[in-house]
Amino acid sequence: GENVEQHPSTLSVQEGDSAVIKCTYSDSASNYFPWYKQELGKRPQLIIDIRSNVGEKKDQRIAVTLNKTAKHFSLHITETQPEDSAVYFCAASLGSQGNLIFGKGTKLSVKP
Amino acid sequence: GAVVSQHPSRVICKSGTSVKIECRSLDFQATTMFWYRQFPKQSLMLMATSNEGSKATYEQGVEKDKFLINHASLTLSTLTVTSAHPEDSSFYICSATKGFPGELFFGEGSRLTVL
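Residue numbers (this note's numbering), protein chains in the order written: chain A, 1 to 112; chain B, 113 to 227.
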């Protein structure tokens with residue numbers, strides 16, 4: 001089955017700096033790659049997603065890149081703000097069922 | 113957007129009792145819902161895929177008789193933790209999709225504490 005690896009597990013940056021979180025997946029058939037932000041005790045919120053027919057997608061300060069050949073995708077946050085502090089999860093889905101396999105998460109801390 | 117509501121948000125029960133958690137899609141029909149379990153500071157682990165009108169598909173290692181899933185309508189899926197034990201204490205989250213592949217909408221989560 002699909003396996004998603006996420007790095008780093010923790011990331012601390014200074015406000016205004018950029019943050020990059022990387023994920024790799026094992027199954028080349030996966031075709032949907034969302035990123036979720038989860039604040040403590042709350043539900044995960046989708047922040048950006050990318051499909052396998054696209055190499056890059058950007059939404060304001062957030063961007064995601066996908067390298068299908070290497071089977072990895074990355075989340076880029078620019079001009080980080082303290083409110084970006086949260087746990088971020090990448091995920092990959094396989095087939096039409098849509099069951100997402102999540103990475104282990106990255107705890108991002110943005111220091112003012 | 114789409115709203116998924118989960119109830120109860122918190123539940124405390126005694127060992128040996130059963131607990132039912134509801135997951136509702138409030139403004140759309142969801143033929144497929146997903147149930148996850150999340151331990152503190154850990155990722156979401158998919159437990160099962162709930163399909164309306166048919167049996168749920170369980171992930172490897174998840175006991176079907178322990179975690180009963182019923183998806184009786186296009187807007188409601190329930191997870192029943194049977195004969196709960198302290199090790200079942202966890203954060204349970206459901207999600208639903210309008211159509212896949214596409215955005216998943218998560219419920220608020222239910223924190224189960226088994227004494």
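Backbone N, C-alpha and C define an ideal beta-carbon position, used for all residues, glycine too.
{"Asked": "Three CB pairs or more closer than 8 Å across the segment 81–91 of chain A and the segment 122–132 of chain B", "Found": "no"}
{"Asked": "Secondary structure of residue 82 of chain A, DSSP reduced to three states", "Found": "helix"}
{"Asked": "Chain A contact residues for residue 219 of chain B, given Cβ-Cβ distances below 8 Å", "Found": "43"}
{"Asked": "Partner residues on chain A for residue 202 of chain B, Cβ-Cβ distance less than 8 Å", "Found": "Correct list: empty, because the minimum Cβ distance to chain A is about 13 Å."}
{"Asked": "Three-state secondary structure assigned by DSSP to residue 49 of chain A", "Found": "strand"}
{"Asked": "Residue from A/90, A/59 and A/66 with nearest C-alpha to residue 79 of chain A", "Found": "A/59"}
{"Asked": "Candidates A/73, A/18, A/39 and A/1: closest to residue 24 of chain A by CA position", "Found": "A/73"}
{"Asked": "Cβ neighbour criterion (16 or more within 10 Å) applied to residue 183 of chain B", "Found": "buried"}
{"Asked": "Stretch-stretch touch, CB-based, cutoff 8 Å, three pairs: the segment 9–28 of chain A with the segment 100–112 of chain A", "Found": "yes"}
{"Asked": "Close beta carbons around residue 190 of chain B, own chain, < 6 Å, minus the five adjacent residues each side", "Found": "132, 134 and 182"}
{"Asked": "Coarse secondary structure for residue 200 of chain B, derived from DSSP in three states", "Found": "helix"}
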